[in-house]
Each structure stands twice: as C-alpha cells, then as structure tokens.
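As structure tokens, the structure follows; a few thoughts come after it.
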Amino acid sequence: MHQFLQQVFSGLSSGAIYASLALALVMIYRATDLVNFAQGEMAMFSTYIAWTLVQAGLPFWAAFLLTLVISFTGGLAIERIVIRPVENAPVLAAVIVTIGLLLIFNSVAGWIYSYTVQDFPSPFPDRPVFGALMTTRDLGVIAATLVMLSLLFAFFRFTATGLAMRAAAQNPASARLCGIRVGRMLAIGWGLAATIGATAGIMVAPVLFLDPNMMGGVLLYAFAGALLGGITNPVGAVVGGLIVGVTENLVGTYLIASQLKLTVALALIIIVLVLRPNGLFGAAIVRRV
Amino acid sequence: MAPILELRALKAFYGQSEVLHGIDLAVEDGGMTVLLGANGAGKTTTLRAICGMVRSEGEIVFSGKRLERLATEDIAGLGVAHVPEGRGTFSDLTVEENLRLGGYTRRNDMQAGIQHMFGYFPILAARRRQQAGALSGGEQQMLAIARALMMAPRLLVLDEPSFGLAPRVVEEMFAIVERIRREERVSVLLVEQNASLALALADQAYLIETGYVVASGSAKTLADDPQIRRSYLGY
Amino acid sequence: MAESLGAAPRVRFSAGRYAGPDSTSWRWLGLAALILLAAALPFGISKYHVFQLTLVMVYAIAVLGLNILTGYNGQISLGHGAFYAAGAYTAAILMHRYGVPYWATLLPAALICFALGVLFGLPALRFEGPYLALVTLAMAVATPQLLKYFETWTGGQQGINLVKPSPPAFLGLDRDRWLYFLVVVALLVAMRVAANILQGRTGRALVAIRDHPIAAAAMGIPTARYKTLAFGISTLFTGVAGAFSAIVIGYVSPEGFGLFLSLSFLVGSAIGGIATIGGALVGALFIEFVPNLANDISDAAPWALYGVAMLLFMYAMPRGVVGSLQVWVARVMRRFPSPNAAASDNSRECKGRTL
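Order-wise, the sequence lines are chains A, B and C. The first sequence begins at 0 in numbering that gives the first Met the number 0 and counts up by one. The second sequence begins at 0 in numbering that gives the first Met the number 0 and counts up by one. The third sequence begins at 0 in numbering that gives the first Met the number 0 and counts up by one.
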C-alpha cells in the first residue's frame, strides 16, 4: 500500500510536468487548430538556456525568470516568423513546419551543447517527507506547477488581453471586428506556451538529466494527456497530464518495466480514447454541414 | 453634407470569381442607408468588402480615409462597427465579456460604456453573467448590436439583423436602432431582406441584383416604385 | 485559419490530369521520356548511386501508400513506418527462416499489411485529426520496442541478415542494376494501380469523404467501408515497399524502423504533394538526398539544415512540389481557355435606374 501511494505521488509529480506541456499544446491547438510538435524541443532549448545562465553564475531563480522572459520572446518570434507563412496553408504544411522546427531545435542544441548528458540543479532539495510518501522535490514541482496554472488562469480570466486572446481563439473573425489584432494574440499565445514549456523543462531536467533528447518522451506523454483530457479543454489537459503521469508510474512498477512501458501506457490511453473518442472532457468536434 | 461612407466602382472577389461588378454607394453622415436584394445578390459581400474581409478593387472612402488596403481590425479601430450575418457573438463568453470585447479599443471608460448599453438594452443587464450562447435569438442580436456600439463607432454596419427573429422582436430592435441613431449620431448602413420595414426606416436605399446596383434613390421613392413593389414588397 | 487537410484546388479532381485537348498526348510523351531516362540511368552511374536510386523508388512506393490515405482520404498517419516494418520483417522472416525466394515474399507481405491496415482502419474510424495522429504516433513508437521484444521471430536487437538475390543469368546485369529495374517496374505498376483506383469510383468516393464526409454519407457512400479500405490499400502499398527494402538492403533491424522513418514518410508525402501520384517520387527523392546534402554542407548540425529545407519547401510550395505545379498549370490554362469553351462574358449590360 505504501509503495502504491508512493508511486501515485511520484506519478503526480511527473504528471504535473506532462500537464504543463499538455496545457501548452492545448493553448496552441485552440488558437490555431495545430499541434505544435516542436513544443518539447522548444522547452528543452529553454532549459539549456537556463543551464547556461546558471553555469555563468546566476542564482537559480534569477536564471529561471530570465529564461522565462527569453522563452516568451522566442515563442512570440517563432509564431510571427516561422509559423505565420503557413497560417493559411493546408494543415499538413503547418504540421511539417513544426516537425522541421523540432529537428532544428534538437540539432542546434546538440551542436551548441553536445550530446553529453548534464546535471541540472534543482531548487528543491530531494528529501523524503510525509513518512517517505513523497519527496520535497515532488512537492516543489507540484507547487510550482500550481502557481503557474493559477497565474495563467488569472491572466485569462481577469485581464483585457487574456479576454482578447480567448476571443481570438474562439472566433477570430468576430475578434477582428472588435479591433483585436488576432495575429498578435496568436503570437502572445505561442509566447505563453513557450514559457509554460520552459517551466516544465526546468522542472523535469533534474530528474531526467539534461540532454537534447530529454523531452521526446515527455512530449509524447503530454500529447497523450492533452488528448485524454480533450484537446480543446485546458482543464482537461491538466487532468489528462496528471492521469498519464500516474498511469506511467503504475504501469512501470506493477505491469512491465523498461522497454515496453511506453507502449503499454500508450495502449491503455488509446483504449480509453476508443471508448471516448473526444477525450474525457472534450467537446465533440462539431462539423457545420 | 458629405457622405460618411462612399463606395466607388467597388468590385469584390471570392477566389477567382468576381461577385460585385462595380458598386457605387454612399451613406449620408447621420443617415440610414439600406441595401436591398434577393439572396446571393451581393449585399453581405458588399459589407464584407467594406470591412476588408474579402478581396476587392475600387475605392472605399470612410470619413475621408481610404479603407481598401487596411486590415479588418484597423478598420474597426477607425470607427466602423460591423454586426455580421449570424450575429458573431462569442457564444462561450458571458454577456459582459462580449461587451468588454466590444470596448476593447476604448478601454478608458469601459464601465460607463457598459452601463450606457444596459440603458438601451435592459434585457442584457439582467443576463450580464450568462453565456451568450444561452440567450435567445433576439437577445443575441441585441448583444451583437450593443457590442458594436461599445466601440463608439461613427458608422454602424448591420447585416440582416432581423434574420430568424419574430416580428415583434424585430420591431423592438429597430426601434432601439433608430433611437441610437438619433441620440448617438451614428450613421447606419443596413442590409435587410425585410424590405418594407427597412424602407420605412431608412433615408436612402439601394437595390442590388447579382452584383450590380440596379436601383437607387430615397427610400420613399423606391418604396413607391411599382416594379420594386412587385418584386420585393409583395404587392 | 488553415484549410482542411489537402483540399485539392477546386479546378480539378486531384489525380493530375488537366482539361485540354492535347494533354493526354503530352502526358504519354512525358512519361515515355521519364521511362527512357530511368532505363538508361543506371548504366551511367556508380553502383552505390544505383542502390540509392533503388531505395528512392522503394520510398516512393511507401509514400504513395501514405498519399492514398492522407491525401485522398484526409486521415493523417504518423505511423506508416510500422507497416513498412511489417512488410520488411515478413519478407525477411520468410526468406531467412523458410527459405522462400525473394520474389515470392511480395504477395504475403502485401496481404498481411493489407489485413493489418483493415484491422487498424476499423478502430481508427473513431478518431479525428489529432487523435488519429496520436494513435498512429503510438504505433510508430511502439514498433521498434515490439520488434526487440519478440526476439525469437525478429532476431531482436541484432536483426536479420539476408542473402541478396542473384539476378537471372541470361540478363547479364549485376545485382544492383537488376534490383533497380525490378523496383522501377514495381513503382510503375504501383503508380498505375493507384491511378486506376483513385480515378475510378473508389477515388471519387474517397475525395468526397475527405471534403464533405456528411454529404458523402447522405449520398449513400458507405463511409466506414471506404475509409477502412483506404487504410488497407495504403498499408498494402507501404508494406510491399517494406518487403522490397528488406530485399534490396539485405538487412532488417529494429533501429531502422523507428519514429523517424514514419516522420520521413510524412515529410516526403507533404513535400511531394499529398494528393498526387507523381509527388510520391519527388518526396522520396527529398527524404533520401536532402539529409545527405545537409551532411555535406555541415556535419555539425545537418538535421537543422534538413529542418530548414523542410520549412522553405513548405513556405514556397505549401501543397508540395507536384501539388503546387498543378495549381500553377491550372492558372496558366485559365488564361488560355480552350476554343470550345463557351464565351462567358462577365460584362453584362446593366441599366441601373436612379429614381
């Protein structure tokens, strides 16, 4: 029993990471009908930037904040420069562009930082707590994720820009008629998604260790989590990510270890999706005839 | 009095097809102009061309400024408020959020603006926290108009506001629109299929058929014209 | 907002034929020229280049399979590598364990991959857009893991070494050139079959289902059956390509059939033009040669250059090379309407009345 709870909490901790990345994916999907396959690599690159700043002597939280700012700007720039040309092109063209972006980030990171695995500092000490049920690091990750989600929620609910972004995602034509620059809102959306990704990357790097291929598996789980929750539902994305995290851990502990863990976890998720093809909380994609 | 909006030789295109073949139209400052015509005539296309939502050639002059090369959001910022076909409300957002979005470009006196709208449309005040999608058709239309007015526009463009609404609701709505026109000194460009009601309200009228203006003049004259009566007014 | 997946330009049914009196003769001429070129080519270049071109054509058959699914049916698959692997391992196991001659492995590979495709097509019908992407992505990721797991059959991590086929003596060709011609014929057959399917009832049904699924169903097209069929045909093509890859390369191992392969097929499909037949060859050329080119230019970050190439192609030709060509040709043809077309005069005399 004790081990079961341990695994659940540990799963919640990794689930928080998946939830964050899933949220980033959902944000971009709601705005542009596009799955940003490069989200993981962008997060990895941000994490490397944080690492560089820490190596240069900056205290952790200063490096963290600076990285968030840089990531936001980067995400914004990518939307305006890389994604804008295919905004009105067939969906597949945009998908290929995100795949290309994935390759570019991965390759450039490998080139600049080499493929040697690096240690990444964690701001949270790794001490067991609550009778060894979880560690302080797990708590720290979950807490950080909660803080970030609350800030996001407040932004979208209470600020004018947040409202404008929601409007632009739901109904871009009407938003334009209100004088909202939809393109700018999209860019901000990508900036925020990049920031979320950076947070996820920095949280997970101490556990997975930093290397250019760090986020591949994370992205896959995040994607699964986002779909499990319903690709159009931000709350669903968070819940989905948490469920995936716990599932992955439990499968790894009780069912099958190493190689096939990913396959089995994905298989389970897909079985759920077969029963609920739009995810647990997703709205059916309504087609206007 | 100079017209607040003038269209000169306006052509519009959907892809490769030309659907408007050179429209000339003017809206008097402070007046109400109505665009009549059957389905597919090009009325909505004209409104969309004004707001930069379709590809067009020709001149669109609003208050001395040329609109042809501007983006939709910039045109909105200049003072043209468009209530599109089908209302265009944000159905997942609340009534109040919809109004806030209307006031996005004029954020200084948002609260005052909202109260002002509640003055014109008391029903919206009662439903301010409800999701727009839960409102009835007539209420959604009022919300759409209120949202447009939150922009403090100089020109209000309405696309088939009576669509799908019961006659009493339509009357009520047009009464409010007329009141707004006088009190806010807003010019109105109206597209309507409900020809008799529209002609009763408007000053000027244009009749469009398959992309051409086939008749124009004061609303009264068009309403009295026997051919138009037969084709569009039913008697 | 992005358009629907692979929506063909309104001008034509997207199989590459265009209206005009002499177009058919032009096409036969072009095809004949290409065939002549293909026949002469292997004798002017090195064995390694022949091998590369053979591989290109194998990829082209695989990408053609993906085109049938994604381009004509609108279902995005990120997992076709799995079916390619199925075909390759079927051929490899038959040849290695049961001594089946190489040419006899093609039919079993085709049938097995068709069956797998129908099997996956059935549940896949429940999924739309990103959901289907995830399911197929899971298949691609699972493939190398499953291949390693079932060691007794697949040889696990080591893979299976195969004896490359000997060319028939009377032809006097060496092995590489023999395989080249074999695959050329296979590709031509595949293209012909694809064209027949896609230009007939099945093809029209598929396009209808892609563009207006509700209307198609309302017209009585058995949507489920055609979608599943499309999946099966698509995996058949890719599976046969996989079998050929085992024969031509002479080696299969789990590493060669991972996620990157599936992504490459998708990239090839998009670069060439997803709703085209000729695009499959263009896409295959891209995925085979551009990485090598990128490596020549910079061995520090070659995949970054590959990624940039992908971006640039999509910016310039979002419908793929062949797809965009079709659009441009259509535009040019519109400026020179055929003499039969009735003169549609837009300048109607209209007497507007001012009252």
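C-beta: ideal position from N, C-alpha, C; glycine also. Owing to the predicted nature of the structure, the values given are computational and were not obtained by experimental measurement.
Proximal residues of chain B, C-beta to C-beta of residue i below 9 Å
i	result
Q169/A	F89, S90, D91, L92
Within-8 Å CB hit, residue i to chain C
i	result
T46/A	no
V238/A	no
A163/A	no
V96/A	yes
G92/A	In the sequence as presented, Gly is not what sits at residue 92/A; that position holds Ala. Cβ-Cβ to chain C under 8 Å: yes for A92/A.
I242/A	no
W189/A	no
T51/A	no
Residue interval of the beta strand (DSSP E) (run including residue i)
i	result
G21/B	16-27
A8/B	2-13
Y314/C	Counting along the chain, Y314/C falls outside any beta strand (DSSP E), though it belongs to the alpha helix (DSSP H) covering 301-315.
Y231/B	Premise fails: Y231/B is in no beta strand (DSSP E) and is neither H nor E.
I92/C	I92/C -> not in any beta strand (DSSP E); alpha helix (DSSP H) instead, spanning 79-97.
L154/B	154-158
L34/B	31-35
Assigned exposure category for residue i - 16 Cβ within 10 Å defines buried
i	result
P317/C	buried
A7/C	The pLDDT assigned to A7/C is 42, lower than 50, so where the model puts this residue is not dependable; a value taken from the coordinates is nonetheless given after this. When all chains shown are included, A7/C counts as buried.
G10/A	buried
S16/B	exposed
D125/A	exposed
P20/C	Note that P20/C scores 46 on pLDDT, short of 50, meaning its location in the model is unreliable; the coordinates nonetheless yield the value given after this. It is exposed - the Cβ of P20/C has fewer than 16 other Cβ atoms within 10 Å.
G29/C	exposed
H1/A	exposed
F43/C	The identity of residue 43/C in the sequence shown is Gly, whereas the question assumes Phe. The residue in question, G43/C, is exposed, as its Cβ has fewer than 16 Cβ neighbours within 10 Å.
P167/C	exposed
A18/C	Because the pLDDT at A18/C is just 47, under 50, the model does not fix this residue reliably, and the point stays unresolved.
Q114/B	exposed
T198/A	buried
Y47/C	exposed
M218/C	exposed
D224/B	buried
Y58/C	buried
T151/C	exposed
R229/B	exposed
Chain A within 8 Å of residue i, Cβ atoms only
i	result
L145/C	yes
M116/B	no
P83/B	yes
Q15/B	no
A218/B	no
G101/B	yes
V10/C	Summary for V10/C: the model assigns pLDDT 37, below 50, so the residue's position carries little reliability; its value from the coordinates is reported in the next sentence. Judged by the 8 Å Cβ criterion, V10/C is not in contact with chain A.
L133/C	yes
Closer than 7 Å at the beta carbon, the chain A residues around residue i
i	result
R125/C	V273, P276
Under 7 Å by beta carbon: chain B residues contacting residue i
i	result
R180/A	E72
8 Å Cβ cut-off: residues of chain B touching residue i
i	result
R136/A	Result: empty, since nearest Cβ-Cβ is about 38 Å, beyond 8 Å.
A186/A	Simply none; closest approach about 14 Å.
A153/A	Chain B residues near A153/A: none, gap ~15 Å exceeds 8 Å.
First and last residue of the uninterrupted alpha helix (DSSP H) at residue i
i	result
A189/C	174-198
R54/B	From DSSP, R54/B is part of no alpha helix (DSSP H) but of the beta strand (DSSP E) over 54-61.
S323/C	320-334
G216/B	G216/B -> not in any alpha helix (DSSP H); beta strand (DSSP E) instead, spanning 211-217.
H48/C	46-65
A100/A	With the sequence shown as reference, residue 100/A is identified as Leu, and Ala is not the correct amino acid for it. Segment 90-112, the alpha helix (DSSP H) holding L100/A.
Interface partners of residue i on chain C, CB under 9 Å
i	result
P84/A	L310, M313, Y314, P317
Y28/A	P129
Proximity test, Cβ basis, 8 Å: residue i and chain B
i	result
R175/A	yes
A88/A	no
Under 7 Å by beta carbon: chain C residues contacting residue i
i	result
V107/A	A300, A303
I352/A	Summary: the structure shown does not reach residue 352/A, with chain A confined to residues 0 through 288, and so no result is reported for it.
Chain A residues whose Cβ lies nearer than 9 Å to that of residue i
i	result
T104/B	C177, G178, I179
Chain-ordered neighbours of residue i on chain A, where CB pairs are closer than 8 Å
i	result
V140/C	L219, L261, T262, L265
Per-residue contacts from residue i into chain F (C-beta, under 8 Å)
i	result
A159/A	Note that chain F does not occur in the displayed structure, where the protein chains are A, B and C.
Can you list the alpha helix (DSSP H) stretches of 4 or more residues lying completely in the region 230-257 of chain A, in chain order? 233-249
Fully enclosed by the region 167-202 of chain A, which alpha helix (DSSP H) runs are 4 residues long or longer? 171-176
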